[in-house]
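Each residue of the sequence shown is one higher than the one before, counting from 0 in numbering that gives the first Met the number 0. One structure below.
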Amino acid sequence: MADELSRRDRFETLFEDDPDPWDFETSSYEREKRKHTIDSLGGRRFECALEIGCATGALTEELADISGKIIGIDIADRALAIARTRLADRANVTLIQGELPYDWPAGSFDLIMFSEVLYFLSQEEIREVSSRALQSLSDDGVCLLVNWTGPSNLPLGGNEVVNLFAKANDWKHHPVGKAERYRIDKLLPVRTV
């Protein structure tokens, strides 16, 4: 539980020190990555989407355009306050504070989005969220992983977390694309008949 609290505290402090710590609003990398992420969904519309680690809502805003309903979850209340302001006029958006895997939202989703969040989890937590995602995903649903592949000071890198997540459960893994500093992977549920 101490790790859970310290992780939340770290993210609260991060957003207190800088309301846009990853330059979601100004970075060409972030704009390009969001465009590539939305494009990788192939023009599909979703009934109910779940975005893990929604932060300030930059990607949530674009996902809301292609989703009947979207739930965004983030560990940091400060980030969610910014997202709530940004998305105040979006009736199809629900934002909740929580930490995964502990606070996984109930429901069935036809899109589950993990954008640059998995490497903040332990290996055990990644396996757990992989299981929860598979259980929550509709039969025709899509789980999309977007991960930074450049250098970092975290225990796991982007390539490692994708492999760990995909191998933890019965997923059909479709790499969508790689850019210079990130990769996008689509995972589909393999259902037994």
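Even for Gly, the Cβ is constructed at its ideal location relative to N, Cα and C.
{"Query": "Buried or exposed (CB count within 10 angstroms, at least 16 for buried), D184", "Result": "buried"}
{"Query": "Backbone secondary structure at G59 - three-state DSSP", "Result": "Looking at the sequence provided, one finds Thr at residue 59 rather than Gly. Of the three classes helix, strand and coil, the one that applies to T59 here is helix, per DSSP."}
{"Query": "Cα-Cα separation, G140 to N152", "Result": "33 Å"}
{"Query": "N-terminal and C-terminal residue of the beta strand (DSSP E) that T93 is part of", "Result": "92 to 96"}
{"Query": "G157, enclosing alpha helix (DSSP H) - first and last residue", "Result": "157 to 166"}
{"Query": "Top-ranked residue by Cα proximity to G97, from I125, I72, S107", "Result": "I72"}
{"Query": "Three or more C-beta pairs below 8 Å linking the stretch 82 to 101 and the stretch 55 to 63", "Result": "yes"}
{"Query": "Among R126, R131, L94, F119, nearest to W147 - alpha-carbon criterion", "Result": "F119"}
{"Query": "Same chain, Cβ closer than 7 Å to Y28, five either side skipped, listed in chain order", "Result": "R180"}
{"Query": "Residue range of the unbroken alpha helix (DSSP H) whose run includes L110", "Result": "Premise fails: L110 lies in the beta strand (DSSP E), 108 to 114, not in any alpha helix (DSSP H)."}
{"Query": "8 Å Cβ cutoff met for L99 and L79", "Result": "no"}
{"Query": "Closest by C-alpha distance to R30, when choosing among R44, A178, K68", "Result": "A178"}
{"Query": "8 Å contact criterion, which K171 and V145 should meet: CB distance rounded", "Result": "K171 to V145, Cβ: 18 Å. No contact."}
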